[in-house]
Amino acid sequence: MTSISQDRPFIRALVGVGIAAAALVALAPAAQTTPMRQAVIPGCTPAVAGQPNGKQWPTEPAITIDTAAAHTATLETTCGTVTIALDAAAAPRTVNSFAFLASEGYFDHTRCHRLTTQGIFVLQCGDPTATGMGGPGYKFGDENLAGAVYPAGTVAMANAGPGTNGSQFFLVYRDTQLPPNYTPFGTITEGMDALTTVAGAGVAGGGADGTPVADVIFNAVTTTQG
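Residue numbers for the sequence shown follow my numbering, so the first one is 288 and each next one is one higher.
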């Protein structure tokens, strides 16, 4: 079965006629690299000037959000804006971490480094190194896994195994079958057309798992409470 990981850029294994993609994960940060620039396609625009700040923290941030409140994330990308309803009640540590990183500008100017178009249908983002190996310096435990499913619109954490969540996450653009190993922490409420644009452009080199042809960069990521 396909998985989603963060400890290596791509770990592939054939399963029947499908592809078991790399576990969607993000481990200890690698040295900053300058990824090859991808193509700008119809529906996408060049990114605003800037570089990922690559900040690091030794420990998970203390919970400061109101877990009973409504939370929204806005991803302003080069291929359109994606709005996410964050589920702080079901995944308080995850939403708190995401909100903390967004407030620190951690996601700004980062590239979505991985697109899968066979077996699983996701766009993976949140790594400032765009290698699949970057993270914020801390890890935290899984949440909301009981009965977890991954229909289109799901936003969930990438990981390298139990208790290894960091900053990498994935956006599901088409119903996907995965084991309940990846913390779901939000649902896309607007902007699925942006993901459709990215998925339609495909993977660089014509494969089913790799760097998206579309140059998907977060110009800004913000969260609001209430």
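For every residue, glycine included, the Cβ atom is placed at its ideal position computed from N, Cα and C.
{"Item": "Segment contact flag, the region 433-443 with the region 386-406, C-beta cutoff 8 Å, min 3 pairs", "Value": "no"}
{"Item": "Backbone CA spacing between residue 384 and residue 455 [nearest angstrom]", "Value": "11 Å"}
{"Item": "Any 3 or more C-beta pairs closer than 8 Å across the region 442-451 and the region 336-352", "Value": "no"}
{"Item": "Cβ neighbours of residue 499 in the same chain (closer than 6 Å, five flanking residues each side left out)", "Value": "402 and 485"}
{"Item": "Residue closest to residue 441, alpha-carbon to alpha-carbon, out of 467, 364 and 332", "Value": "467"}
{"Item": "Three CB pairs or more closer than 8 Å across the region 472-481 and the region 359-374", "Value": "yes"}
{"Item": "Residue 362 versus 504, 513 and 512, residue with shortest Cα-Cα distance", "Value": "504"}
{"Item": "DSSP bridge partner residues for residue 444 (one or two, in chain order)", "Value": "456"}
{"Item": "C-beta contact flag for residue 534 and residue 382 at 8 Å", "Value": "Past the edges of the chain, shown from 288 to 513, lies residue 534, and the structure says nothing about it."}
{"Item": "C-alpha distance - residue 513 paired with residue 389, whole-angstrom precision", "Value": "16 Å"}
{"Item": "Residue 335, buried or exposed, once every other Cβ within 10 Å from all chains shown has been counted against 16", "Value": "exposed"}
{"Item": "Bridge partners - residue 475, DSSP secondary structure assignment", "Value": "371"}
{"Item": "Check whether residue 433 and residue 470 have beta carbons under 8 Å apart", "Value": "no"}
{"Item": "Own chain partners of residue 507 with C-beta closer than 7 Å, once the 5 adjacent residues on each side are dropped", "Value": "363 and 395"}
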